[in-house]
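Novice:
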Amino acid sequence: MGNKWYIKEILWSHVGRAFNLNIHKASNSLLFSFSVLESYSDLNFLLAYYNIDTKDYSVIAGIPDGCAVAIDQKNDEIFLGGSDGIYKYNMITKIADFHKEKGKNIWNLFFKRNLFYINYPDQQLYMEIDDKFAKVKEFEATQIDYFHICNNNDIIYANKTGLYKFENGPSRAYAINELISVRQITEDIEGNVYVCSNIGIFRYDKEKLHKILDIRNLHGLAFDRDNSLIVSDEKRIFKLVESHIGCIEEEQW
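The sequence shown begins at 28 in my numbering and counts up by one.
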């Protein structure tokens, strides 16, 4: 990646298409959702955590079809979403308590000063204001799969047709890339924004995408407390650790 070599450190193997990867910085724990085999249960998705420091890991119980994660790092609050609303999760007690939006099917969650969610199957964006959620009117005519507010206040979002930037003022959106299939938008500990897609990982900078990792079939991306990349493919979650030795042997992805 760039002019540096990295070693794949497998964190969790035999996990189906892990997505919505997020790091709880206080504990350096990865929270994510993954697909469940039909023969396993009547659920489609489950949530889980993996502590990168202690290697402790477990499935998170009590959230039907859990598939969404957002974290308020400043106030140490973890929000999880499933087919029956939004829950709050405690990393110490390992208990998920119901929070809000009973009966709503939560597709995705995002936190930046406010909590946002995207519902399913309408793919509409809602924002929490004064302890209540309301549809974001600027996006009422737009279906959204992934939503992100950058530190410079750029608003970018993705749906099945590509990746877009939204501009307030005259409210309009224009395409950043209509060829990729976006699977996650996230940022590192320095606030740099990255896009995980079907054809690799891109860095978003000055309204353009710059490919940093050319790997197909990725499903999720996060950065741990040390700013190391945590990546998932169809069967594994792994950490990319910089190697100071170089390439010893070529490995097939």
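Note that CB positions come from ideal geometry on N, CA and C, so glycine has one too.
Fair warning: this is a prediction, and the values are worked out from it, not measured in the lab.
#1: Rounded to whole angstroms, what's the CA-CA distance from isoleucine 183 to tyrosine 173? Just pull it up for me.
#2: For lysine 52, which three-state DSSP category applies?
#3: Buried or exposed: which applies to alanine 95, given that a residue is buried once 16 or more other Cβ atoms fall within 10 Å of its Cβ?
#4: Answer yes if the stretch 200 to 208 comes into contact with the stretch 242 to 255, meaning at least three C-beta pairs across the two stretches below 8 Å, and no otherwise.
#5: Hey, would you say isoleucine 90 sits closer than 7 Å to alanine 123, going by beta carbons?
#6: From what residue to what residue does the beta strand (DSSP E) around cysteine 223 run?
#7: Ends of the beta strand (DSSP E) at arginine 263?
#8: What's the C-alpha gap between glutamate 167 and alanine 161?
#9: Is the CB-CB distance between arginine 243 and serine 40 below 7 Å?
#10: Look up lysine 31 in the DSSP assignment and give the residues it is bridged to.
#11: Taking three-plus beta-carbon pairs below 8 Å as touching, is the stretch 126 to 140 in contact with the stretch 108 to 115?
#12: Along the chain, where does the beta strand (DSSP E) containing leucine 142 start, and where does it finish?
#13: Can you list, in chain order, the residues of its chain with a C-beta nearer than 7 Å to that of aspartate 181? Leave out the 5 residues immediately preceding and following it.
Specialist: Answer, in terms of the structure:
#1: Cα-Cα distance, rounded: 8 Å.
#2: Three-state DSSP puts lysine 52 in coil, outside helix and strand.
#3: Around the Cβ of alanine 95, a 10 Å sphere holds 16 or more other Cβ atoms; the residue is buried.
#4: The stretch 242 to 255 and the stretch 200 to 208 do not touch, with fewer than 3 CB-CB distances between them shorter than 8 Å.
#5: It is a contact, given that the beta carbons lie within the stated cut-off.
#6: Element bounds for cysteine 223: 220 to 224.
#7: Looking at the DSSP string, the run of the beta strand (DSSP E) that includes arginine 263 is 263 to 270.
#8: A direct Cα-Cα distance of roughly 11 Å separates glutamate 167 from alanine 161.
#9: Judged by their CB atoms, arginine 243 and serine 40 are not nearer to each other than the 7 Å cut-off.
#10: Lysine 31 is not bridged by DSSP to any residue.
#11: At 8 Å Cβ cutoff, the stretches touch.
#12: That run of the beta strand (DSSP E) goes 141 to 146.
#13: Only residues of its own chain outside the window of five on either side were considered, and among them Lys192 have a CB closer than 7 Å to the CB of aspartate 181, listed in chain order.
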